[in-house]
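Take a look at the structure set out below.
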Amino acid sequence: MPDYSFEGRHTGPVAGVDEAGRGPLAGPVVAAAVILDASCIPDGLNDSKALTAARRAELCAALLSCARVGVGVASVEEIDELNILWATMLAMTRAVEALDVAPAMVLVDGNRCPKWVWPSEAIVGGDARCLSIAAASIVAKHRRDTMMHEYDAKWPGYGWASNKGYAAPGHREALKRLGPSPIHRRSFAPVREAQLMLELPPA
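In this note's numbering, the protein residues as written are 4 to 206.
So, in structure tokens, the structure goes:
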């Protein structure tokens, strides 16, 4: 379970940062930055993948009421232009910029930090080890899932309410049948291949 030991090594505001949506074929990548109040940490913070959607929603609401939270989004267009790694770094930077106080230290899930102005440390597996990063993983995942539900209503047929844009069999089949939507990542191979198939002349 994550704990507060990483934050306790630093003085001043410490932000945890994580993202959701690096792997999907559709939709943006969303990052969150969270500065916890040590006197008001919601019970049950954990890696978002270890929680149900309902529990993530509850914890996200609790965090918004007692922590400093910033959210950053990189669009599908930015993913296709920059590639998913640098779009993720952009979303993380925007999340920290969205905080209402400058952090003295930023703890980032993963093995590298964006090129930014804040002192930072990358923590592999941080969402399962560090409470601030776990909190950020929850906010990022809940926000992105909410967006994908909205996109599912706007562009039905791909199953985004359930698969969240990941390459589930039903999503891949719909992609071949319907072609890419406006929020598909055309730099990703399965989307490019579906687009090419639609552009081929009939046999």
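Each residue gets a CB set at the ideal place from its N, CA and C atoms; glycine is no exception.
Is the beta carbon of residue j closer than 7 Å to that of residue i?
| i | j | result |
| --- | --- | --- |
| Ala-139 | Ala-35 | yes |
| Gly-75 | Ala-90 | no |
| Met-95 | Val-33 | no |
| Glu-161 | His-174 | For the sequence presented, residue 161 should be read as Tyr rather than Glu. For Tyr-161 and His-174, yes; Cβs fall inside 7 Å. |
| Pro-185 | Val-194 | no |
| Ala-29 | Gly-128 | no |
| His-145 | Cys-43 | no |
| Ile-87 | Arg-25 | yes |
Looking at the secondary structure, which residues open and close the alpha helix (DSSP H) in which residue i lies?
| i | result |
| --- | --- |
| Asp-148 | 134-157 |
| Ala-192 | 192-202 |
| Ser-8 | 8-11 |
According to DSSP, simplified to helix, strand and coil, what is residue i?
| i | result |
| --- | --- |
| Val-32 | strand |
| Asp-130 | helix |
| Ala-3 | This structure leaves residue 3 out entirely; the chain is present only between 4 and 206. |
| Ala-177 | helix |
| Ser-184 | coil |
| Ala-206 | Below a pLDDT of 50, predicted positions are generally treated as unreliable, and Ala-206, at 47, falls in that range; no measurement from the model is reported. |
| Ala-57 | helix |
| Ala-125 | strand |
| Thr-14 | coil |
Report, in whole angstroms, the separation of the C-beta atoms of residue i and residue j, which I expect to be a contact under 8 Å.
| i | j | result |
| --- | --- | --- |
| Ile-82 | Ser-190 | 7 Å |
| Pro-122 | Met-108 | 5 Å |
| Glu-124 | Val-111 | 7 Å |
| Leu-48 | Ala-137 | 5 Å |
| Leu-102 | Ala-18 | 6 Å |
| Ala-41 | Tyr-7 | 7 Å |
| Ile-141 | Ser-51 | 5 Å |
| Lys-179 | Ala-197 | 5 Å |
| Pro-16 | Pro-106 | 5 Å |
| Pro-27 | Met-150 | Rounded, the Cβ-Cβ distance is 11 Å, inconsistent with contact. |
| Leu-67 | Pro-45 | The pair is not a contact, with the Cβ atoms about 10 Å apart (cut-off 8 Å). |
| Leu-134 | Glu-10 | 7 Å |
For the beta strand (DSSP E) containing residue i, list its first residue and its last residue.
| i | result |
| --- | --- |
| Asp-21 | 17-23 |
Notebook entry, point to check: What runs of the alpha helix (DSSP H), each 4 residues or longer, lie entirely inside the region 63-121?
Noted result: 79-85, 87-100
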